[in-house]
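Remember, my numbering sits 3 above the position in the sequence shown when you count from 1. This report refers to the structure that appears directly beneath it.
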Amino acid sequence: MKDNRVILEGKKFKLAIDRLCHELIENHADFTETCLIGVQPRGVLFADHIYNNLQKILDIKDLLYGKLDVTFYRDDFRTRNTPLAASTTKMDFLVDGKKVILVDDVLYTGRTIRAALDALGHYGRPNKVELLSLVDRRFNRHLPIQSDYIGITVDAVDEAYVRVDWAKKSNGNHKILMYTKE
């Protein structure tokens, strides 16, 4: 990586996650009809933070939370030079009649979310699907997909790469980096 630039870190990073949790609570109250689904692999890291914060804020233990792998639903999985490694899907519930909040770390082209919507269909027909993204890269969207909840919006050209760097320790300094592809 070269030309690293930190976009968000430390207290502002935590504040963005807290703000997103409170927005979700405003719209979903006690989450009795709502479930969170993290998109594997990197969306789950973000979804874990949202899930844990919501449980603390609401003091609930039965919030439905799933982890959805979209590898074989992607429209590009056969066009790669190396085989893609699938993650594990962990969904022990159906989404029939529920409000679903799909959680991913970075929304860029929209193709991962399109794949997630396809994969989600195997778990029933939700009443509503919303998208929660920590980073929304506004430019270069390939599909008409947008986030309902956004941590930060980044204007980045194709040559740039945006990555969320999750610290190894839970009290670590998470950050969002933007850098130029090598």
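Even glycine gets a Cβ: it sits at the ideal position worked out from N, Cα and C.
Nearest residue (CA-CA) to residue i, options the options
i, options, result
"Leu61", "Glu26, Val103 and Lys17", "Glu26"
"Leu134", "Glu12, Phe75, Ala19 and Gly46", "Gly46"
"Asp167", "Ala118, Ala119 and Asp139", "The question names Asp, but residue 167 in the sequence shown is Val. Among Ala118, Ala119 and Asp139, the Cα nearest to that of Val167 belongs to Asp139."
"Met94", "Asn84, Ala118 and Ala122", "Ala122"
"Thr115", "Trp169, Asp72, Glu12 and Glu36", "Asp72"
"Phe75", "Leu120, Ile10, Cys38 and Asn176", "Leu120"
"Leu258", "Thr92, Lys101 and Pro147", "Absent from the model: residue 258. The displayed extent of the chain is 4 to 185, so no value can be given."
"Ile40", "Val103, Gln58 and Gly124", "Val103"
"Tyr68", "Thr85, Val42, Glu29 and Ala163", "Val42"
"Phe96", "Asp108, Tyr126, Asn84 and Leu110", "Tyr126"
"Leu110", "Asn176, Asp51, Leu137 and Arg128", "Leu137"
Pairwise C-alpha distance: residue j and residue i
i, j, result
"Val98", "Asn56", "22 Å"
"Ala32", "Ala19", "19 Å"
"Val106", "Ala88", "20 Å"
"Val132", "Gly113", "15 Å"
"Lys14", "Tyr152", "19 Å"
"Leu23", "Lys178", "16 Å"
"Glu12", "Asp78", "33 Å"
"Ala118", "Ile53", "22 Å"
"Arg8", "Ala159", "12 Å"
"Thr35", "Thr92", "22 Å"
"Val130", "Trp169", "The amino acid at residue 130 is misidentified as Val; the sequence shows Asn. Using only the alpha carbons, I get a separation of about 32 Å."
"Met4", "Gln58", "With a pLDDT of only 44 at Met4, under 50, the local geometry of the prediction cannot be trusted, and the value read off the model is given with reservation. So the two alpha carbons sit approximately 36 Å from each other."
"Gln149", "Val157", "13 Å"
"Gly124", "Ile10", "35 Å"
"Asn30", "Ser90", "30 Å"
"Lys70", "Arg128", "17 Å"
"Asp108", "Pro44", "10 Å"
"Asn176", "Ala163", "22 Å"
Environment of residue i [buried if 16+ CB atoms lie within 10 Å]
i, result
"Val165", "buried"
"Phe142", "exposed"
"His145", "exposed"
"Ile63", "exposed"
"Thr37", "buried"
"Asp49", "It should be pointed out that residue 49 corresponds to Phe in this sequence rather than to Asp. Classification of Phe49: buried, given that the 10 Å Cβ count is 16 or more."
"Phe16", "buried"
"Gly154", "buried"
"Asp21", "exposed"
heavy atom of the ligand NAP below 7 Å from residue i C-beta
i, result
"Asp65", "By its list of ligands, the structure shown contains no ligand whatsoever, and the ligand NAP lies outside what it can speak to."
Beta strand (DSSP E) runs contained entirely in the stretch 35-67, provided each spans 3 or more residues: Fully enclosed beta strand (DSSP E) runs of 3 or longer: 37-42.
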